[in-house]
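Okay, structure first, notes after.
2 protein chains.
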Amino acid sequence: MIQGKEDKISLLLVDDHPMVQGGLLACFSYYDDIEVLGVSNDGETALAKAIELKPDVILMDVSMPSMNGIDATEIITEQLPDTKVLIFSMHDSAEFVRSAIQAGASGYVLKDTSSEEVYYAIKAVAKGNTHFSSSIAKTLIENPAKLENDKLTTREQVILSLVAQGLSSKEIARELNISFRTVDAHRRNIKSKLNIDCLVDLVRYAINHGLIEE
Amino acid sequence: MIQGKEDKISLLLVDDHPMVQGGLLACFSYYDDIEVLGVSNDGETALAKAIELKPDVILMDVSMPSMNGIDATEIITEQLPDTKVLIFSMHDSAEFVRSAIQAGASGYVLKDTSSEEVYYAIKAVAKGNTHFSSSIAKTLIENPAKLENDKLTTREQVILSLVAQGLSSKEIARELNISFRTVDAHRRNIKSKLNIDCLVDLVRYAINHGLIEE
DNA sequence: AATCACCTAGGTATAAATACCTAGTTAGCT
DNA sequence: AGCTAACTAGGTATTTATACCTAGGTGATT
Chain Y
14 MIQGKEDKIS LLLVDDHPMV QGGLLACFSY YDDIEVLGVS NDGETALAKA IELKPDVILM
74 DVSMPSMNGI DATEIITEQL PDTKVLIFSM HDSAEFVRSA IQAGASGYVL KDTSSEEVYY
134 AIKAVAKGNT HFSSSIAKTL IENPAKLEND KLTTREQVIL SLVAQGLSSK EIARELNISF
194 RTVDAHRRNI KSKLNIDCLV DLVRYAINHG LIEE
Chain B
14 MIQGKEDKIS LLLVDDHPMV QGGLLACFSY YDDIEVLGVS NDGETALAKA IELKPDVILM
74 DVSMPSMNGI DATEIITEQL PDTKVLIFSM HDSAEFVRSA IQAGASGYVL KDTSSEEVYY
134 AIKAVAKGNT HFSSSIAKTL IENPAKLEND KLTTREQVIL SLVAQGLSSK EIARELNISF
194 RTVDAHRRNI KSKLNIDCLV DLVRYAINHG LIEE
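Protein chains in written order, with the numbering used here: chain Y, 14 to 227; chain B, 14 to 227.
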C-alpha cells in the first residue's frame with residue numbers, strides 16, 4: 014500500500030523543552046507526508062489538544078510538569094483508540110518502557126535517536142505497527158518482565174514510597190495507623206518480590222521507578 | 014557599545030540529542046549575529062572541536078556519553094580562557110549549578126528556556142557577563158552554599174559512594190582494609206556535614222549528586 | 001614547634017532493620 | 001461453601017545503624 018500525499022499523517026508534539034519542539038518542527042517540515050497539528054508543553058494540555066485535534070499520532074515526552082507522558086498516554090489511548098502514541102524519552106529502563114506499553118503506547122524512541130528514525134517510527138505506528146529503538150528492544154529482551162506474582166500491590170507501593178522518603182517502620186506505622194509489625198511484614202514482602210536484600214537498594218529502586226520525588 | 018554584524022558571535026553547540034541540536038540550529042539561523050561553527054555529541058569531541066574552532070561561546074549540555082558537560086567545561090575554560098561556556102541543562106539543583114560555576118561556566122540556562130532567552134544568554138556571556146535562568150538564580154539564593162567545613166573530603170565521598178551502593182559498614186571496612194569503627198566515624202561525619210540523619214536521605218543525596226550510577 | 005584537618009580506631013548503649021516463625025480477617029472469585 | 005490474595009499482627013533473635021564518648025598518627029601549613 015503506497016501512501017499518497019493526500020493522506021498525510023497528522024501529528025501532535027508533546028515536549029516541555031522549546032528547543033526540542035523547535036528541532037521536531039524543523040525536522041518534520043522536511044517531510045511532506047507529516048503534518049504537525051499542534052504542540053503541547055505538558056501532559057494536561059496534551060490531553061486537551063489530543064481530544065480537540067484527534068491526531069493520527071502523538072509524539073510524547075515523559076518528564077513534564079503538570080502530568081507525565083505515561084499517565085497522559087493512558088488516558089489518551091483509552092479515550093482515542095485511533096490515536097497512536099509514540100513515546101519520545103531519554104529513559105531507557107526496561108520497566109519504564111513496559112509501563113509505557115501498558116499505558117497503551119505503540120512505540121518508544123530514545124531522545125538520542127536521529128530524525129530519520131523518529132520519522133520512520135511515526136510512519137510505523139501510524140500504520141498500526143510498533144516501533145522501538147534498537148537499544149530499547151535489546152533492553153526489553155535482556156530484562157524479562159517480572160512475574161505477575163512479583164508485582165507490588167498498592168499497599169506495598171505506599172509502604173515503599175514512605176520507606177524511600179526516609180521514614181522508619183515505626184513512623185510509617187503511625188502514619189498509616191497500623192502496627193509496625195505490619196509495616197515490617199510489608200517491607201519483607203516487598204524485598205522478597207523485588208529480590209532486594211538491603212534498604213539502600215530499596216531506595217534506589219523507588220527512585221528509579223518514580224515512586225518518590227528525587 | 015552596539016555590536017555590528019561584522020563581529021558575529023561564533024558558537025559551538027554540544028548536545029547528544031539530535032532534536033535539541035536541530036532546535037538550536039533552527040533557532041540560531043534566525044539571528045544573523047550568531048554563527049554556529051559546529052556541533053558535538055559528547056564531551057570528548059566537544060573538547061577537540063573547541064580547541065580546533067576556538068568559538069566565542071560554547072552552549073554545553075551536561076548529561077552526555079563519553080564525558081559530561083561539567084568536566085568538559087573545566088578543561089575547556091582552563092585551556093581556552095577567551096571561550097565562554099554557557100551550560101544548557103535540565104538539572105536545576107543549586108549544587109549542580111555551583112559545580113558548573115566552579116568549573117568555569119559563565120552562565121546556566123535550563124532546557125525549558127525559550128529560544129529568546131537562550132539567545133539573550135549567549136549574547137550576555139559573549140560580552141563577558143553572566144546569565145542564569147531566573148529559577149536558577151532563585152534556587153541559588155534559597156540554597157546558600159555550604160560552608161567550606163561542610164564539604165565532604167575525598168575519603169568521605171568514597172565511603173558515601175559505597176554506602177549508597179548498598180554495602181554495610183562491615184563490608185566497606187573489608188573493602189577498604191580499615192576498621193568498621195572508622196567507617197562508622199566517617200558515616201557520622203558525613204551525616205553531620207550534610208545535615209542528614211538517616212540512611213535513606215544519604216542514599217538520595219548520593220544519587221542526586223552523581224556519586225553513584227543510578 | 002605548633003596547629004589543624006583528616007584518617008584512623010575503640011567503648012558502650014540504644015534504636016532500627018532484618019530473618020524466621022505463626023496466624024487472624026476480609027474481600028473477591030469460582 | 002471454599003479458595004486465594006492482600007492486609008493485618010504478634011513472638012523471638014540477630015545484625016546493622018546510630019549516638020555519644022575518647023584519642024592516636026600523619027601530613028600540610030604557619
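Glycine included, every Cβ here is placed at the ideal spot set by N, Cα and C. All figures in this text were calculated on a predicted structure; none of them were measured in a lab.
Simplified DSSP assignment, three categories, for residue i
{"i": "residue 225/B", "result": "coil"}
{"i": "residue 51/Y", "result": "strand"}
{"i": "residue 15/B", "result": "Unreliable placement is indicated for residue 15/B, whose pLDDT of 46 sits below 50; no coordinate value is reported for it."}
{"i": "residue 32/B", "result": "helix"}
{"i": "residue 216/B", "result": "helix"}
{"i": "residue 207/B", "result": "helix"}
{"i": "residue 75/Y", "result": "coil"}
{"i": "residue 162/Y", "result": "helix"}
{"i": "residue 42/B", "result": "coil"}
{"i": "residue 140/Y", "result": "coil"}
{"i": "residue 126/Y", "result": "coil"}
{"i": "residue 180/Y", "result": "coil"}
{"i": "residue 59/B", "result": "helix"}
{"i": "residue 202/Y", "result": "helix"}
{"i": "residue 106/Y", "result": "coil"}
{"i": "residue 186/B", "result": "helix"}
{"i": "residue 174/B", "result": "helix"}
{"i": "residue 191/Y", "result": "coil"}
{"i": "residue 85/B", "result": "helix"}
{"i": "residue 116/B", "result": "coil"}
Residues sharing a beta bridge with residue i, DSSP
{"i": "residue 121/Y", "result": "100/Y and 145/Y"}
{"i": "residue 23/B", "result": "48/B"}
{"i": "residue 70/Y", "result": "24/Y and 97/Y"}
Where residue i meets chain B, residues with beta-carbon distance less than 7 Å
{"i": "residue 26/Y", "result": "Within 7 Å Cβ-Cβ: nothing; residue 26/Y doesn't reach chain B, min ~10 Å."}
{"i": "residue 149/Y", "result": "Chain B residues near residue 149/Y: none, gap ~15 Å exceeds 7 Å."}
CB contact flag (residue i, residue j, <8 Å)
{"i": "residue 65/Y", "j": "residue 21/Y", "result": "no"}
{"i": "residue 120/Y", "j": "residue 100/Y", "result": "yes"}
{"i": "residue 24/B", "j": "residue 135/B", "result": "yes"}
{"i": "residue 56/Y", "j": "residue 79/Y", "result": "yes"}
{"i": "residue 104/Y", "j": "residue 75/Y", "result": "yes"}
{"i": "residue 54/B", "j": "residue 29/B", "result": "yes"}
{"i": "residue 69/Y", "j": "residue 139/Y", "result": "yes"}
{"i": "residue 170/B", "j": "residue 207/B", "result": "no"}
{"i": "residue 63/Y", "j": "residue 89/Y", "result": "yes"}
{"i": "residue 44/Y", "j": "residue 132/Y", "result": "yes"}
{"i": "residue 77/Y", "j": "residue 86/Y", "result": "no"}
{"i": "residue 110/Y", "j": "residue 32/B", "result": "no"}
{"i": "residue 212/Y", "j": "residue 173/Y", "result": "no"}
{"i": "residue 175/Y", "j": "residue 188/Y", "result": "yes"}
{"i": "residue 158/Y", "j": "residue 220/Y", "result": "no"}
{"i": "residue 124/B", "j": "residue 96/B", "result": "no"}
{"i": "residue 91/B", "j": "residue 222/B", "result": "no"}
Interface partners of residue i on chain Y, CB under 8 Å
{"i": "residue 34/B", "result": "36"}
{"i": "residue 185/B", "result": "Going along chain Y, no residue has its Cβ under 8 Å from residue 185/B, so there is no contact; the nearest lies around 12 Å."}
{"i": "residue 22/B", "result": "Going along chain Y, no residue has its Cβ under 8 Å from residue 22/B, so there is no contact; the nearest lies around 18 Å."}
Proximal chain Y residues relative to residue i, where beta-carbon distance stays under 9 Å
{"i": "residue 212/B", "result": "179, 212, 213 and 216"}
{"i": "residue 29/B", "result": "124 and 125"}
{"i": "residue 100/B", "result": "In chain order: nothing, as chain Y lies at least about 14 Å away."}
Neighbouring residues, chain B, relative to residue i (Cβ below 9 Å)
{"i": "residue 203/Y", "result": "Ordered by position in chain B, no residue passes the 9 Å Cβ test against residue 203/Y, which lies about 14 Å from the chain."}
{"i": "residue 154/Y", "result": "Correct list: empty, because the minimum Cβ distance to chain B is about 21 Å."}
Where residue i meets chain B, residues with beta-carbon distance less than 8 Å
{"i": "residue 39/Y", "result": "35, 36, 38 and 39"}
Checklist entry - Taking any Cβ of chain B, which residues in the segment 124-147 of chain Y have a Cβ under 8 Å from it, in chain order? => result The residues in question are 124, 125, 126, 127, 128 and 131.
Item to check | Contacting positions in the segment 43-54 of chain Y - beta carbon closer than 7 Å to chain B | outcome: Within the segment 43-54 of chain Y, no residue has its Cβ closer than 7 Å to any Cβ of chain B.
Item to check | Residues within the segment 161-179 of chain Y neighbouring chain B, beta-carbon criterion of under 9 Å | outcome: Across the segment 161-179 of chain Y, CB contacts with chain B closer than 9 Å involve 176, 177, 178 and 179, in sequence order along the chain.
Checklist entry - Closer than 9 Å, Cβ to any Cβ of chain Y: which residues of the segment 72-97 of chain B, in chain order? => result Listed by position along the chain: 76 and 78.
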